[in-house]
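Novice: Taking our numbering, the leading residue of the sequence shown gets 7, the next gets one more, and so forth.
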Amino acid sequence: MIMPFGKYEGHEVDDLPLGYLNWLVDNIVFNDAELEDEVWAVIESRHVHRDERLRREREAAQIVRVTQSCPSPGLWAEVVKAGMRSIQKKYHPDLGGDHDDMIQVNAIREWINEYVSVFDYP
7 MIMPFGKYEG
17 HEVDDLPLGY
27 LNWLVDNIVF
37 NDAELEDEVW
47 AVIESRHVHR
57 DERLRREREA
67 AQIVRVTQSC
77 PSPGLWAEVV
87 KAGMRSIQKK
97 YHPDLGGDHD
107 DMIQVNAIRE
117 WINEYVSVFD
127 YP
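1) To which residues does DSSP link Ile8 through a beta bridge?
2) When you compare the CB positions of Glu42 and Met7, do they come within less than 7 Å of one another, or not?
3) Inspect the beta-carbon positions of Glu63 and Ile93 and report whether they are closer than 7 Å.
4) So what does DSSP say about Asn37, is it helix, strand or coil?
5) Looking at Tyr97: is its Cβ nearer than 7 Å to the Cβ of Asp107?
6) Within 10 angstroms of its Cβ, does Lys13 collect 16 or more other Cβ (buried), or is it exposed?
7) Within this structure, are the beta carbons of Val48 and Val19 separated by less than 7 Å?
8) When the Cα of His53 is compared with those of Arg115, Glu15, Leu24, Val111, which residue comes out closest?
9) Please list, in chain order, all residues of the same chain as His17 whose beta carbon is under 8 Å from its beta carbon, the five residues on each side excluded.
10) Where does Val35 land, buried or exposed, given buried means 16+ other C-beta within 10 angstroms?
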């Protein structure tokens, strides 16, 4: 749906910044119920995505904590691989997951690899 007024007139509601959408629902009385429903739907979908992203980041952080406590580089690498395999299976599109979620999982995997590589393991 196209935003019919305001700062983002002519833009898709899906493309509007979350802060602006929140401002709209706090400050505007909608005359168009369809527009109001669309704005709320976008806000709710973004909160769901944010919550999912935060949950995946927590899972990634747990993997990092475990790897930091491992005494052996081979063992921590195994732990990371096993944890990531488990998460990847959960979110892989071919196994019922969502493509966008898998992109986020892969980004977190890259972050873990980068983060863990800064530690010197014996």
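Using N, Cα and C, we set each Cβ at its ideal position, and we do this for glycine too.
For clarity, every value in this text was computed on a predicted model and none was experimentally measured.
Specialist: With the structure as the only source:
1) BP columns for Ile8 point to Glu18.
2) Judged by their CB atoms, Glu42 and Met7 are not nearer to each other than the 7 Å cut-off.
3) Going by C-beta atoms, Glu63 is not nearer than 7 Å to Ile93.
4) The three-state reading of DSSP puts Asn37 in coil, since its state is none of H, G, I, E or B.
5) Cβ distance < 7 Å, so Tyr97 and Asp107 count as in contact.
6) It counts as exposed.
7) In this structure, Val48 lies near Val19, with their beta-carbon atoms less than 7 Å apart.
8) Of Arg115, Glu15, Leu24, Val111, the residue nearest in Cα terms is Leu24.
9) Here the set comprises Ile8, Met9.
10) By the 16-neighbour rule on beta-carbons within 10 angstroms, Val35 is exposed.
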